[in-house]
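Sequence positions in the sequence shown follow the working numbering and run 1 to 309. Remarks on the structure that follows.
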Amino acid sequence: MLIPSLKHGFAHLRANRRMVFVFYLANFLFGLILLLPFRAMLSNYIGDSQMGAKLGGALDMDFVFEFFGGNEAVLTTQRAMLLVVPGLYWLFGLFLSGGAFTIFATQERYTSQQFWSGAAAHFGRFVRLALYAVPLLGILFCVQFLETGVQRLVWGKDAYQSITYLGSWVRLAITALSVILFGMIFDYARVHTVLHEEHKMRVAIWQGIKFAFDNFLTTFGLGLFMFIAGALLLALYNPLANSFSASNMFIVLLLFLLQQFYVLARMALKLALYAGETFLYQQHAAATAPITSTPAQNLDLEGLAPALE
């Protein structure tokens with residue numbers, strides 16, 4: 001079911017392209033709210049110096065540390081924004097996901113009324129679902145520390161540098177796998193909530209866990225495919241963005257357009273994943289549904305009467 005789910009996900013994405021722009025605009029607006037104050041701070045800091053020309057190229061980490069060190073007092077006032085704005089963006093994304101899953105569950109084309117009504121109808125339940133998922137997130141986050149325990153048990157506190165280096169990569173891989181696992185469980189819990197109009201979120205999170213592990217090869221394969229696709233997209237974007245090193249307006253405009261295309265592509269991958277997961281859940285539910293036979297009393301048996309006499 002992995003290949004059909006991927007095909008359906010991208011096919012349904014093409015049929016509902018307007019949703020990609022809804023998610024993109026949300027990302028763009030929250031990005032402006034977060035970055036405009038920092039742009040003003042950056043403009044006041046560099047003034048008319050030659051450093052402004054260098055900012056059109058690759059990221060200079062020395063300048064980043066110098067900037068944050070020289071604006072510590074101002075940045076202190078911006079810490080609330082650094083916490084609040086990403087949190088609001090996540091909540092709004094959770095709100096939008098209710099509309100997306102509603103569209104994909106009905107397998108109909110995007111309409112504003114259905115999308116926004118679905119988003120509003122499921123938002124409260126999705127927030128409660130996220131609260132139920134916090135312990136699961138904590139457990140999956142702590143899994144990476146098993147590597148540290150094994151390392152100390154086998155090699156002690158003073159392990160070889162090569163062992164420590166390899167262990168850091170193992171922890172990174174475990175963390176990535178945990179992120180994929182948590183994401184797919186949370187997604188299937190939302191799919192269950194939308195398809196079954198579930199109001200008990202503890203039931204929804206359990207159904208998400210159960211479905212994800214009962215069909216692990218397919219569910220994890222689908223999530224892993226989209227994760228790798230996103231990583232490849234980032235690997236392609238970074239060298240291209242760093243190659244725009246000139247400071248003239250035309251290059252800056254090209255870099256801006258490249259960045260927005262990257263964001264659009266990430267939103268498209270997210271929605272394709274939602275569509276594929278919904279299709280997979282529906283197909284599995286249809287395949288495992290009990291077959292109902294027609295009751296005998298509803299059959300016309302009058303023609304059999306002579307044979308039974």
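The beta carbon of each residue, even a glycine, is placed where N, CA and C say it ideally should be.
{"Query": "C-beta atoms of alanine 119 and glycine 98 nearer than 8 Å", "Result": "yes"}
{"Query": "Among Gly124, Ala204, Val84 and Ile174, the one whose alpha carbon lies nearest that of phenylalanine 141", "Result": "Ile174"}
{"Query": "With 16 other Cβ atoms within 10 Å as the buried cut-off, status of histidine 352", "Result": "In this structure the chain extends from 1 to 309, so residue 352 is not present and cannot be described."}
{"Query": "Rounded distance between the beta-carbons of leucine 34 and methionine 310, thought under 8 Å", "Result": "This structure cannot speak to residue 310, because the chain is shown only from 1 to 309."}
{"Query": "Host alpha helix (DSSP H) of valine 127 (start-end)", "Result": "112–142"}
{"Query": "DSSP state of asparagine 16 mapped onto helix, strand, coil", "Result": "coil"}
{"Query": "Inter-stretch contact (C-beta, 8 Å, three-pair minimum) for the stretch 201–220 and the stretch 276–289", "Result": "yes"}
{"Query": "contact_flag[the stretch 3–17, the stretch 99–116] where n(CB pairs < 8 Å) is 3 or more", "Result": "yes"}
{"Query": "Test item: CB-CB of methionine 201 and leucine 269 under 8 Å", "Result": "no"}
{"Query": "Rounded C-alpha distance that separates glycine 223 from glutamine 207", "Result": "17 Å"}
{"Query": "Rounded separation between tryptophan 155 and leucine 166 - CA only", "Result": "13 Å"}
{"Query": "C-alpha distance - methionine 41 paired with phenylalanine 256, whole-angstrom precision", "Result": "20 Å"}
{"Query": "Whole-angstrom distance between phenylalanine 104 and leucine 2, CA atom to CA atom", "Result": "17 Å"}
{"Query": "As assigned by DSSP and simplified to three states, the class of alanine 265", "Result": "helix"}
{"Query": "Buried versus exposed, by CB contacts within 10 Å (16 or more), leucine 299", "Result": "Its pLDDT being 40, under 50, leucine 299 is placed unreliably by the model, and nothing is read from it."}
{"Query": "Supposed contact pair leucine 258 and leucine 240 - C-beta distance, whole angstroms, cut 8 Å", "Result": "6 Å"}
{"Query": "C-alpha distance - alanine 133 paired with phenylalanine 101, whole-angstrom precision", "Result": "18 Å"}
{"Query": "Within 8 Å, strictly: CB atoms of glycine 9 and alanine 287", "Result": "no"}
{"Query": "Endpoints, alpha helix (DSSP H) assigned at phenylalanine 216", "Result": "216–243"}
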